[in-house]
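A.B. asks:
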Amino acid sequence: MKYMICYDLQRPIQDYPTLYRVLIENFNAKRVLESQWVFRRINTNAAGLRDYFKNFLDSNDRLLIVSLDNFEWAGWNLVSKISEL
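Sequential numbering from 784 applies to the sequence shown in my numbering.
1) Looking only at its own chain, which residues have a Cβ that is under 8 Å from the Cβ of residue 856, when we skip the five neighbours before and after it?
2) Could you tell me the alpha carbon to alpha carbon distance between residue 837 and residue 853, rounded to whole angstroms?
3) Going by DSSP, which residues form a beta bridge with residue 846?
4) Anyone know if the C-beta pair for residue 818 and residue 786 falls short of 7 Å?
5) My output table needs one value for residue 802: the three-state DSSP class, helix, strand or coil.
6) Beta carbon of residue 834, beta carbon of residue 793: below 7 Å?
7) Residue 784 to residue 827, Cα distance in whole Å?
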């Protein structure tokens, strides 16, 4: 399945080298916008990926994982509640 990861890093001057390294080396992700990457993954889902990537972020950062195949999504610390649309 194809996934998109989107994030807001609340401390932009902080470097997140582990996050970038994991995206590139472990997921073969491609950056499509400054804070958005796409990648392929099997045997997982949006919630599992959210829980995995939270390990590389600060507690006040924001994260959204979206399946590009079936539009499943999982968020953390989002500004707006997508479910209320």
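Every residue gets a Cβ at the ideal spot worked out from N, C-alpha and C, and that includes glycine.
C.D. replies: Considering the structure as presented:
1) Working through the sequence shown from its first residue, we reach residue 856 at position 73. Hits under 8 Å: 829, 847, 848, 849, 850 and 865.
2) Stepping through the sequence shown from its first residue, residue 837 is reached at position 54. Stepping through the sequence shown from its first residue, residue 853 is reached at position 70. Each residue's Cα considered, the two are about 22 Å apart.
3) Position 63 of the sequence shown holds residue 846. According to DSSP, which records beta bridges pairwise, residue 846 is partnered with 790 and 859.
4) The count along the sequence shown starts at 1 and reaches residue 818 at position 35. The count along the sequence shown starts at 1 and reaches residue 786 at position 3. No; because the gap between Cβ atoms is not below 7 Å, this pair is not in contact.
5) One-based indexing of the sequence shown puts residue 802 at position 19. Of the three classes helix, strand and coil, the one that applies to residue 802 here is helix, per DSSP.
6) As a working mapping, residue 834 is identified with position 51 in the sequence shown. As a working mapping, residue 793 is identified with position 10 in the sequence shown. Not in contact: residue 834 and residue 793 (Cβ atoms no closer than 7 Å).
7) For this step, residue 784 is matched to residue 1 along the sequence shown. For this step, residue 827 is matched to residue 44 along the sequence shown. Distance between the alpha carbons of residue 784 and residue 827: 9 Å.
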